[in-house]
Every structure is written in C-alpha cells, then in structure tokens.
Amino acid sequence: MTSGVVALILFGSFIFLVVLGVPIGFALGLAGVLGLVLMDVTFMMFSQTLISGIDNFALLAIPFFVLLGSILSKSQMSKSLVELADELIGFLPGGLAVGTILSSMLFATASGSGPATVASIGSITIPEMEKRGYPRSFSMGVAASAGALGPIIPPSIPLIIYGVVASESILKLFLAGLGCGLLFALLMMIYAVIRAYREKIPRSGNLPSFKRLANLVWNAKYALGAPTLVLGGIYSGVFTPTEAGALGCLYVLIIGFFVQRTLTFKSVYECIAEGTKNSAMIMFVIASAYLMVWLMASAQIPAIAAEAISGISANKIVFLLLVNLLFLFIGSILDTPAAIVIIVPILEPIAVNFGIDPIHFGAVIVVNFVIGYITAPFGYNLFVVKTITGRGMGEVSLSVLPFLVICLFGLLLVTFIPQISLFFPELLMK
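The numbering used here numbers the first residue of the sequence shown as 131 and each following residue consecutively.
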C-alpha cells in the first residue's frame, strides 16, 4: 500500500469520525488502529506508542497549569487585578476595555488558559462595561479576544507541547510567547482606545493617585504573587515549568483556602475534578496523536510531504504563508494538542531547511491556534462569553470580528518579523 493511500485513509477515517461526533482522542486512536491493521503492524505497537507519546517529564507541567487555571477561577483573585488595571488606565478612552486586556494578561501569566481567563476576567468586566455605557458588542469582543492572550503568554500549554514534540527549549519558547503576547495586547489596547474615543464612551476615572494605586497594589498582592512565583521561578532557572506549576497550585490553594478564605473543600474538590478531567483529555489526545505520527513516519509521509511542499515553492515567504493558511484552518476546527503533535513533525524539519528558527516557527504556529480560540464556530472563548452573557452565538461571533482582523495583522507581523518572537530569547539566553 502506497504512502499516499495510507495518508488518505488515516486522515479520511479521522475526519469521518470527528464529523460523526466522536471525541478527538478516540477518533485519533481508532484511526490509528485502522492504520495498524492496514500496515500489518503488531498491536503491541499500539500500547507502546501511546505510553511513549506521553512519557516525558515536561508534559507533567500540563496537569499543574490546568489545575492552576481552575483554582484561580474559583479563588476570585481576578477581581483585585481588574480593580488595579482599571485604576491604572481608567483615565484613557476605553479605560475599562484596556483594563480588561491588561488584567487578562496578568491573569494569563499564572493560568496559561484562554477559557479560564475569559471566565475569570470577562465575568467581572463585561457587566461593568455595559453598565458604563460600552456597546454590548464591544464588551463581549474585548473580553473574548483578551482571553486569547492566555495560550500565548507563558506559561503556555501549546508552547509546552510544541517544545516536547520539536525537542526545543520550553524556556526559550516561553520567552518567544512573551514577545508575541505583548505585541497582541498592545494592538488590542490601541484599537480599544481608538474605538472608545470615536464612540464617545465615558472615561472611567482620572489620573491615578499614588495613595489609591498603592492601596490597590496591596490588595492585589496575592493575585500578583502567583505570576511572580511561576514566571520568576521559571525565568530565573530556579524551577522547571513543571515545578513552577506545582508550586503555583500550592500557593493559590494556601492563599485561597487559609488567607482569603474564598475557597472551600467543595470548590477545591470541584477544581481538582475539573482539572483531572481536562488534563486526562489533553494527555489522551496527545498519546493518540503520537500513534498517528508513528504511523505516518513508518509510511514515510513526512518525507513525501516535504518533497511536495518544496515542489510548490522554494520561497520561504510562500512557505510561511501556506503554513499560516493551513494552521488557521486547522486551528479553527481541530483540538490544538492533537494538531501540534500531528503536523509539527512534518513541517518543522521543512521550516529548518528554509532557514527558519524553530523557536520563531513555534511562536507562529501557536499564534495561529490562538486565533482559533476566537474564530467561529468552534472558538473556545466564544462559548465562554456566550455562557457569561446569555447572548446568541452569532452575536458573540460578530463581536470579535474587529479583534480577529487585529490578530491576523499581528500574525503577519510575528511571521515576517522574527525578532518579535526572538528578541527575549536572544536577550536573556545568550
């Protein structure tokens, strides 16, 4: 059986199962079993590949960061971040919208989760923005889009998965994500200020007083402590990402349970149950995707794909544009961990042959997937905003369109100006 036929059957059966509503992990596993049968491979490879696919210490960070995001959402620490951000920049046109973006950034530096960021920050700022005269479409759009910063700004689960699959430094990838996240946040803030000024939305405050600002910083000390512990430990080299995630969970549990008393035994149990379920789903998807990768490698599909892409064009710019189109499409319909595990082993060696830095390439890929978080019909953040506001999916999807255009512009900047993603890794890891 030719490699082309094997690839067609593998992807065809997977897509067919997904269309039928089979969960991504099971669809990948069943397609992989079919591939084993067609290629006459012993079924012992099924269990061996599933286990070896997730037998990596770096992947242990994922359950901790998933749990950390869940606990942060329940602990109500996000409220102090919103108050601090609103006081800092409330004097600007659209100050609360800009504050939503800033507080989402701060929250994301501890949780690394887009939906958790939207749920925690958006549930506070969307009603408040509407109360202050913001159009509903503006308030929904800014909350959903700001939440997309979660998977870019470290700690980022997609960047961890890319680092494991491509055998690249997760710390360098985190630094690359920091540069991209700051760019996207800045672009969103500029748009929010311009739109608020044009629509004559009332400003929420005056220039902050030192005393008021100091009080709010003090009130937010525990919320600011989480990202300081996690990122400070990682960037200083004191902790690995896995250790930082574990300590972050312990810190938030202690603060929420014993200091602020916003957590109860019931809420902690719910967080652990939710985190366990979500982590198990992610790890199962990664394991099943590795089976597909092994089958494709056995059928020499990556080599054939590399030859085909090189035949289309030997131009690096054309290759990057094709990669963006591919990942924008895949990111809007397919689970991010599965897509990274399946596609990166095929495209990353080709990118290196074109002279593209693998850290830069990883940042480009993750930014594409992040845009999928606010792209209809399957964008995770859209569903969270729909739940918060009770509005229809069509209305929520339309609200993010201006921000979607901004994100696409940011994607082009990240793609064709490598220094955006490479500045911090080159500066701090010489």
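Cβ atoms here follow ideal geometry from the backbone N, Cα and C, with glycine treated the same way.
Which one of the options has the shortest CA to CA distance from residue i?
i	options	result
residue 411	158, 135 and 147	158
residue 343	557, 420, 552 and 214	214
residue 447	284, 380 and 547	547
residue 491	306, 267 and 355	306
residue 189	427, 374, 528 and 177	374
residue 297	409, 479 and 247	479
residue 521	267, 405 and 504	267
residue 376	285, 233 and 227	285
residue 260	280, 331, 288 and 513	331
residue 385	353, 329 and 367	353
residue 421	500, 370, 146 and 164	164
residue 287	252, 381 and 244	244
residue 320	474, 246, 225 and 264	225
residue 317	338, 279 and 350	279
residue 474	141, 545, 419 and 216	419
residue 334	407, 269 and 216	216
Between residue i and the rest of its own chain, which residues show a CB-CB distance below 8 angstroms, the 5 nearest in sequence each way excluded?
i	result
residue 186	294
Leaving out the 5 sequence neighbours to the left and right, which residues in its chain are closer than 6 angstroms to residue i when beta-carbon positions are compared?
i	result
residue 291	467 and 470
residue 236	211
residue 206	392
Taking the straight line between their C-alpha atoms, what separation do you get for residue i and residue j?
i	j	result
residue 463	residue 509	8 angstroms
residue 204	residue 423	37 angstroms
residue 485	residue 444	11 angstroms
residue 387	residue 393	5 angstroms
residue 220	residue 325	15 angstroms
residue 355	residue 231	19 angstroms
residue 223	residue 272	14 angstroms
residue 255	residue 341	24 angstroms
residue 383	residue 198	9 angstroms
Taking 7 angstroms as the limit between beta carbons, can you name the residues of its chain near residue i, skipping five residues before and five after?
i	result
residue 465	154 and 415
residue 309	550, 551, 553 and 554
residue 283	235, 238, 239, 307, 308 and 311
residue 545	450, 454 and 494
Could you give the DSSP three-state label for residue i: helix, strand or coil?
i	result
residue 222	coil
residue 173	coil
residue 392	coil
residue 329	coil
residue 444	coil
residue 321	helix
residue 337	coil
residue 370	coil
residue 298	coil
residue 555	helix
residue 430	coil
residue 264	coil
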